[in-house]
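Participant: This note's numbering numbers the first residue of the sequence shown as -2 and each following residue consecutively.
No residue lacks a Cβ here, since even glycine has one placed at the ideal position from N, Cα and C.
Note that the structure is a prediction, hence the values are computed from the model and not measured.
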Amino acid sequence: MARIETAFARLREQGRKALIPFITAGDPAPALTVPLLHTLVSAGADLIEVGVPFSDPMADGPTIQRASERALANGVSLRQVLALVRAFRADDQTTPLVLMGYANPIEAMGAEAFAEAAASAGVDGVLVVDYPPEESADFAAILGRHALAPIFLLAPTSNPARIAEVGKLARGYIYYVSLKGVTGSSALDIAAVAERVPDIRARTGVPIGVGFGIRDAATAAAVAAVADAVVVGSRIIEEIERSAPEQACQRVAALVADLRRGIDGVASDSRGRP
-2 MARIETAFAR
8 LREQGRKALI
18 PFITAGDPAP
28 ALTVPLLHTL
38 VSAGADLIEV
48 GVPFSDPMAD
58 GPTIQRASER
68 ALANGVSLRQ
78 VLALVRAFRA
88 DDQTTPLVLM
98 GYANPIEAMG
108 AEAFAEAAAS
118 AGVDGVLVVD
128 YPPEESADFA
138 AILGRHALAP
148 IFLLAPTSNP
158 ARIAEVGKLA
168 RGYIYYVSLK
178 GVTGSSALDI
188 AAVAERVPDI
198 RARTGVPIGV
208 GFGIRDAATA
218 AAVAAVADAV
228 VVGSRIIEEI
238 ERSAPEQACQ
248 RVAALVADLR
258 RGIDGVASDS
268 RGRP
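1. For A152, tell me which candidate among L140, V174, E132, A199 has the shortest Cα-Cα distance.
2. With DSSP as the reference, label P204 as helix, strand or coil.
3. Taking the C-alpha atoms as reference points, what is the distance between Q77 and L29?
4. Compute the Euclidean distance between the alpha carbons of P147 and L166, then round it to the nearest angstrom.
5. For V163 and A199, what's the separation of their Cα atoms in angstroms?
6. So for I187, helix, strand or coil by DSSP?
7. Taking Cβ positions, are Y197 and I187 nearer each other than 7 Å?
8. Please state whether the Cβ-Cβ distance between A214 and L256 is less than 7 Å.
9. Work out the CA separation of E113 and L75 for me, nearest whole Å.
10. Among A134, D225, Y170, whose alpha-carbon lies nearest the alpha-carbon of V190?
11. In the DSSP assignment, the alpha helix (DSSP H) including E10 goes from what residue to what residue?
12. Grouping DSSP H, G and I as helix and E and B as strand, with all else coil, what is A105?
13. Residues bridged to A146 by DSSP?
14. Quick check on the burial criterion: 16 or more other C-beta atoms within 10 angstroms. Buried or exposed for T36?
15. Determine the direct distance from the alpha carbon of E46 to that of R83, and round the result to whole angstroms.
16. Considering only residues of the same chain and omitting the five flanking positions on each side of M106, which have a CB-CB separation below 8 Å?
17. Taking only the alpha-carbon atoms, compute the straight-line gap between R168 and G202 and give it to the nearest angstrom.
18. How many whole angstroms separate the CB atoms of V126 and A56, which I take to be in contact at a CB cut-off of 8 Å?
19. Are I1 and D88 closer than 7 Å when you measure CB to CB?
20. Measure from the alpha carbon of D135 to the alpha carbon of each residue in V249, E192, E109, G262, then state which is nearest.
21. Beta carbon of P129, beta carbon of A4: below 7 Å?
22. Buried or exposed for R142, please, with buried defined as at least 16 other CB atoms from any protein chain shown within 10 angstroms of its CB.
23. Along the chain, where does the beta strand (DSSP E) that runs through A15 open and close?
24. Please name the residue in G119, V95, L252 whose C-alpha comes closest to that of R212.
25. Assign I139 to one of three DSSP states: helix, strand, or coil.
26. How close, in whole Å, do the beta carbons of G58 and S240 come, if the pair is a contact with beta carbons under 8 Å?
27. Near F111, which residues of its chain fall below 7 Å by C-beta distance, leaving aside the five closest residues on each side in sequence?
28. Using three-state DSSP, classify V73 as helix, strand or coil.
29. For A226, report the span of its beta strand (DSSP E) as first-last.
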């Protein structure tokens, strides 16, 4: 958790916004996951979300669904994801890593055992898509005992009660889903995001990252103008999917560097501070 807080504090001091890319562990191959993580950092990532492959990723669109299918076909389990995180930490003790996934693998391991193993591996935060905040107080407490940040989703349909509940539990940052739909959708409405984020910020006390529908430097810059962080997943997975394995890191680096340039072209102001 401290790494997440440190990253956002540094960015605030610099007047910059966070870039949070997402990849699925084990896609396209387990041997490429750690090199891809280091590539993301070198290209300008401030934090990284690492997807835990799952057979029914209901909030994800076709692109990330295919990434999960490839990773599962490669035999990647939650324990192997944690092993990949540990391998990344051998050379990077600074970049925050957030596991993003679904409840079943965690419940199969046991919440306490999972939190202990994740903290030991070098995980900083956990976002479980199908753990609603109203039912997550115990899980958030378990994560807190192991210095892991419980991270939650909010959406355009989230009502004030849901926002308040997330505000009580969330640490690290809040992930605001920018549209009604699944990952990879292209109907991003910047005006709607700009209207919604200040309301969430007024009710919560952690940075707000915005994801879903961000596909290029221009949309990343527009989101960075109103949020504390820009989350990009499907577009990065698409680049991996289109690449030969030996070219994946190079192509991902070019895309992430372009997103970074777009975000850094936006000056920070009071609207973008937590």
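Facilitator: According to the data block:
1. V174
2. DSSP places P204 in coil when its eight states are reduced to three.
3. 13 Å
4. Within the model, the alpha-carbon separation for P147 versus L166 is close to 7 Å.
5. Per the coordinates, the alpha-carbon of V163 lies some 13 Å from the alpha-carbon of A199.
6. In this structure, I187 counts as helix in the three-state DSSP scheme.
7. Before going on, a small fix: residue 197 reads as Ile here, not Tyr. No, they are not a contact pair.
8. yes
9. One alpha carbon belongs to L75, the other to E113, and they sit about 13 Å apart.
10. Considering only alpha carbons, the answer is D225.
11. That run of the alpha helix (DSSP H) goes -1 to 11.
12. helix
13. For A146, which the question treats as bridged, DSSP gives the partners G122.
14. buried
15. 15 Å
16. L75, R76, A114
17. 9 Å
18. 5 Å
19. no
20. E109
21. A4 is positioned such that its CB atom lies no closer than 7 Å to that of P129.
22. exposed
23. 15 to 21
24. L252
25. helix
26. So it is not a contact: roughly 19 Å between Cβ atoms.
27. I103
28. coil
29. Per DSSP, A226 is one residue of the beta strand (DSSP E) stretching across 226 to 229.
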